[in-house]
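Working notes for the structure below.
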Amino acid sequence: MEHDSMWIPAVLRRIEDVAEDIRLFEIEPDGGATPYPTGSHIEIEVLIGDEPATRSYSLVGAGPTEGVWRIAVKRLPQSRGGSERMWALAPGARLRIARPTSHFELRPGAPSYLLLAGGIGITPMVGMVEALAAAGADARLVYAVRSRSQAAFLDRLAGRLDLRVDDEGAVVDLDAEIAGLHPEGEMYVCGPVGLMEAARRAWSRAGRPAERLRMETFGSSGHHPAQDFVVHVADRDLTLTVPANRSLLDALAGAGVDVASDCKRGECGLCAVQLVAVAGEVDHRDLFLSDHQKMENALICACVSRAVGTVTVDTGHRAHL
Ligand code: FES
């Protein structure tokens, strides 16, 4: 758990179901909800079993209204347990939260913006599209969902989005979307890891500069549902099970194996440890390693990535990244 001073008490004021398995939470922090940079998230302290843990949720909207911050949480029974804890809350519940911070800030001044959201990745995009509209910027929001019932905020975003519903045969043509963007335009992507990997590939194929692509990830999104897996730490001769509701990083720390970390969002690469052997499959969930590095399976970002089966790591050998 982070240092105590970062946490502030808050109360859950109201909940509202805004799509199938997506619930909006209105949270009033003690001292009042302050403005935040577009693309911000808050961390919430949750108990997973008996273990305290934190979960990050993007704020919905360009700023607080009616004295509350809003988040939307998708219920994911097969994830690490945070969404189930959130969905168990009723109005009046007391919470501990951290003030908003942003790793996904909107950079003003681009000639055009392409916003691409997949599933629950719509949450930071609501504020972005509202802020861009208020600034009179040229922006296009493409929102991909599996089925129409899973699309949230459609009324709020009416007239500002292009909805692509997978089971109605409407998929996103990333190459065409990028080709239609101003040559100096920027793309912002938030969604499942598969969508973000595809977006990164398409951006690179189009010869666009990496600094004009911004991506927001969340650790619950992988190629496989979160499940227990076994890790053997070769340099400590230690074997442990990483439970479905804990990260590899936390499980290692709990066993006394400290691995340096920073973002804990799969973006900075600081927590990457060497993979010595894989019996099963690695579920790379980070945005740091390249496609080639993920195929090589020589490294795993311990903060977000997981495995199916058993992996052997060497935490004493820090990779040259
Ligand atoms: S701590 Fe940044 S990628 Fe894991």
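Under the working numbering, read the sequence shown as residues 1053 to 1373, first letter to last. Using N, Cα and C, we set each Cβ at its ideal position, and we do this for glycine too.
Given that a residue counts as buried once 16 or more other Cβ atoms are within 10 Å of its Cβ, and exposed if not, what is residue i?
i	result
residue 1167	buried
residue 1234	exposed
residue 1140	exposed
residue 1159	exposed
residue 1069	exposed
residue 1298	buried
residue 1223	exposed
residue 1266	buried
residue 1092	buried
residue 1342	exposed
residue 1099	exposed
residue 1116	buried
residue 1347	exposed
Does the separation of the CB atoms of residue i and residue j fall below 8 Å?
i	j	result
residue 1317	residue 1269	yes
residue 1300	residue 1256	no
residue 1204	residue 1071	yes
residue 1285	residue 1294	no
residue 1334	residue 1365	no
residue 1279	residue 1360	yes
residue 1200	residue 1274	no
residue 1287	residue 1367	yes
residue 1121	residue 1089	no
residue 1096	residue 1149	yes
residue 1292	residue 1303	yes
Any heavy atom of the ligand FES closer than 7 Å to the Cβ of residue i?
i	result
residue 1242	no
residue 1249	no
residue 1322	yes
residue 1107	no
residue 1338	yes
residue 1214	no
residue 1314	yes
residue 1358	no
residue 1274	no
residue 1095	no
residue 1319	yes
Cβ contact (3+ pairs, closer than 8 Å) linking the stretch 1232–1248 and the stretch 1168–1181: Below 8 Å, enough C-beta pairs join the stretch 1232–1248 and the stretch 1168–1181 to call them touching: three or more.
Inter-stretch contact at 8 Å, needing at least 3 Cβ pairs: the stretch 1215–1223 / the stretch 1178–1191: Fewer than three Cβ pairs drawn from the stretch 1215–1223 and the stretch 1178–1191 lie within less than 8 Å of each other, which leaves the two stretches out of contact.
Sufficient close CB pairs (3 or more, under 8 Å) joining the stretch 1073–1082 to the stretch 1120–1139: Counting Cβ pairs under 8 Å, three or more are found: they touch.
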